[in-house]
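Here's the structure, in structure tokens; my notes come after.
Below you can see the structure in the form of structure tokens.
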């Protein structure tokens with residue numbers, strides 16, 4: 001009671017003092033509350049900030065990507081990230097956006113409040129109605145995970161001054177009350193109309209160029225690779241102008257852009273196609289490609305057969321399109337998956353009128369230039385669908401030549417609009433054909449051979465024959481038996497005869513290829529049968545060996561030395577038996593070739609049970625796997641494929657740990673993120689050099705090849721063939737997944753991550769899951 005009265009006196013004196021101390025007020029109030037004998041209250045240790053930062057945002061790239069998403073959620077159109085002296089620990093990261101900024105109330109009740117509910121109450125952004133991309137309440141912990149100190153400078157359009165907050169995360173120590181720690185908040189002069197700047201100093205990690213590029217890939221689902229549309233002054237205008245991110249590094253006085261639209265997307269285009277209408281109404285186009293050494297300028301008229309006839313209704317129109325070809329080596333493997341995914345969502349040719357985006361052109365499902373329709377007709381065989389282009393049309397229309405529909409969903413289809421469609425479509429197709437010609441690839445169904453001498457496919461050739469016969473039949477119906485008509489029919493008959501002969505030649509080539517494939521499959525089949533027979537036959541001997549071991553152990557109980565040796569033999573045999581039982585399951589699964597959705601928890605637990613004895617014998621601790629969700633079910637896959645993936649990872653980790661000469665640790669983490677199931681396999685071996693992070697997935701790349709024949713010792717170590725991770729990559733890619741070396745967490749040195757599509761509701765329903 002005496003202590004309570006003393007604290008109350010201090011509190012009264014504080015309230016009456018001219019120099020009010022808020023920190024002391026909170027401390028005294030907390031101490032008085034603790035003396036309440038009739039009630040208890042939860043308190044928060046300041047160390048929780050560090051623990052939550054490490055647990056919620058374990059990886060550095062994830063932390064930065066969350067902050068980029070927060071800028072997107074604040075309706076920013078651009079965010080720049082500058083890494084200063086970040087090749088070593090202790091650098092600085094500056095994140096600056098032009099979003100709405102935070103008012104004093106939003107700063108206190110949002111950022112400074114743990115487990116705030118702002119994103120629950122406002123799932124859609126205020127201005128552009130963006131669906132929130134950042135995870136709830138993760139941003140502040142992402143900042144703490146990244147560096148030791150933080151300065152926030154936030155500016156709101158309607159407020160004349162900026163707010164500045166300074167936070168030293170080192171002050172949040174264990175055994176201190178969270179409420180007792182205050183952070184300096186001041187008002188200062190504004191440097192721009194609106195936006196937020198974060199300065200994170202004392203970075204806890206190194207930031208290599210590869211790690212920065214990974215952050216860009218992590219945020220690709222919210223980026224829009226187009227020129228930003230003008231921001232309308234009309235508060236009712238909800239058209240999203242787009243969102244861009246620029247990542248750069250500063251070393252000394254030199255600044256280098258590491259990742260932006262150009263470096264990560266546009267520089268990977270096989271060609272850039274541009275066009276405009278000159279003063280006379282003639283379309284002028286350019287096709288530029290450094291990748292295939294193509295630079296061409298040409299003209300396009302309103303009449304496809306006469307380029308001198310102008311577009312009578314077109315003026316002040318210009319467009320640019322970046323043309324992408326997938327799966328042909330023009331795009332780095334590490335970026336192709338991102339660009340493909342982005343193309344499905346953002347691909348096509350957008351339309352901007354007087355600087356503002358016009359919807360719904362180039363929205364998913366919109367085919368206003370009939371590119372996808374053209375692909376379906378197969379008149380032009382070179383790829384030219386909406387997903388093959390990132391592009392935009394800019395038109396200046398001060399005279400309202402193009403009028404919007406009454407529903408404000410697009411422009412009225414008048415003559416000017418139809419001429420614009422005609423000009424852009426034909427220019428794009430001209431570019432596609434020019435690129436295909438330089439690449440010596442098949443362009444139309446009427447081609448016989450390309451310049452490299454490769455025959456066209458049989459299906460296309462048969463289609464051409466059928467078309468020729470159809471035209472001949474129509475001509476017979478249409479014309480009488482004149483001399484000229486008979487000559488034309490004779491030429492067409494000869495053409496059909498030639499086509500049939502060529503089909504036969506193609507069949508012979510395809511037949512030889514088929515024989516080669518069948519031969520290879522027979523070899524693989526024989527290997528598989530041999531393994532199956534071995535597993536089947538050895539089961540009988542294993543039962544007998546197990547029985548004999550038990551009998552000998554019983555007989556040697558009195559002889560401790562021999563009993564110990566037999567116990568070791570029993571343990572070794574149990575390990576061998578576990579391995580064979582696992583392979584027996586795999587072989588049994590291969591008999592039934594149907595795919596099915598897989599519960600990753602079952603797959604992983606079964607794998608760990610199979611390798612645990614071998615891991616213990618090798619001095620490796622397989623840690624308890626981590627799952628961020630109870631039901632982690634992939635799209636339909638074959639169980640043996642995951643067996644192959646996990647065993648490849650394990651054998652690679654085992655060799656890396658042996659080379660590092662450490663007490664080995666392996667961790668498997670699995671969860672769901674952005675509609676996909678991810679698996680991360682981490683070890684504390686000797687790691688993978690940054691320059692080899694992509695090479696490890698190439699065929700025949702290995703880190704365990706002997707230097708010479710004398711170094712080859714098959715009794716001591718399984719040498720790498722350089723095919724393991726290539727096979728894993730092929731499996732993952734076949735399901736449209738992604739695989740990459742990512743930054744390891746905690747004390748681990750290597751982490752490989754796989755992303756696979758999760759099972760859809762239809763999959764779960766079809767398989768009764």
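Residue numbers (the numbering used here): 1 to 769. Yeah, the Cβ is synthetic: ideal placement off N, Cα and C, and Gly gets one too.
Buried versus exposed, by CB contacts within 10 Å (16 or more), residue i
i: residue 290; result: exposed
i: residue 72; result: buried
i: residue 641; result: buried
i: residue 16; result: exposed
i: residue 400; result: exposed
i: residue 188; result: exposed
i: residue 554; result: exposed
i: residue 630; result: exposed
i: residue 194; result: buried
i: residue 89; result: exposed
i: residue 665; result: buried
i: residue 338; result: buried
i: residue 767; result: exposed
i: residue 402; result: buried
Residue i (DSSP reduced to helix, strand or coil)
i: residue 112; result: coil
i: residue 431; result: helix
i: residue 251; result: strand
i: residue 330; result: coil
i: residue 243; result: coil
i: residue 663; result: coil
i: residue 153; result: strand
i: residue 320; result: strand
i: residue 357; result: strand
i: residue 78; result: strand
i: residue 607; result: helix
i: residue 420; result: helix
i: residue 338; result: helix
i: residue 401; result: coil
i: residue 142; result: helix
i: residue 325; result: coil
i: residue 89; result: coil
i: residue 643; result: helix
i: residue 684; result: coil
i: residue 83; result: strand
i: residue 548; result: helix
i: residue 103; result: coil
i: residue 369; result: coil
Sequence-distant residues of its chain with Cβ nearer than 6 Å to residue i (five each side left out)
i: residue 80; result: 96, 246
i: residue 739; result: 729, 732, 754
i: residue 680; result: 669, 751, 753
i: residue 215; result: 61, 64, 65
i: residue 260; result: 246
i: residue 621; result: 665
i: residue 707; result: With a pLDDT of only 43 at residue 707, under the threshold of 50, the placement of this residue in the model should not be trusted; the figure read from the coordinates follows. So the list is empty, once near-sequence residues are dropped.
Sequence-distant residues of its chain with Cβ nearer than 7 Å to residue i (five each side left out)
i: residue 108; result: none
i: residue 693; result: 210, 741
i: residue 420; result: 314, 317
i: residue 627; result: 601, 670, 671
i: residue 104; result: 163
i: residue 688; result: 696, 741, 750
Nonlocal neighbours in the same chain, by C-beta distance under 8 Å from residue i, ignoring five residues either side
i: residue 372; result: 385, 386
i: residue 563; result: 553, 556, 557
i: residue 176; result: 45, 46, 47
i: residue 566; result: 549, 552, 553, 556
i: residue 294; result: 271, 287, 288, 434, 435, 438
Per DSSP, the bridge partner or partners of residue i
i: residue 566; result: BP columns for residue 566 are empty, so no partner.
i: residue 622; result: 666
i: residue 596; result: 637
i: residue 348; result: 390
i: residue 147; result: 203
i: residue 259; result: 247
i: residue 757; result: 676
i: residue 131; result: 124
C-beta neighbour in chain B for residue i, strict 8 Å
i: residue 315; result: Judged by its chain identifiers, the structure shown contains no chain B, having just a single protein chain.
*Curious, which full-length beta strand (DSSP E) runs of at least 3 residues does the region 163 to 227 contain?*
184 to 189, 195 to 203, all fully within the region 163 to 227.
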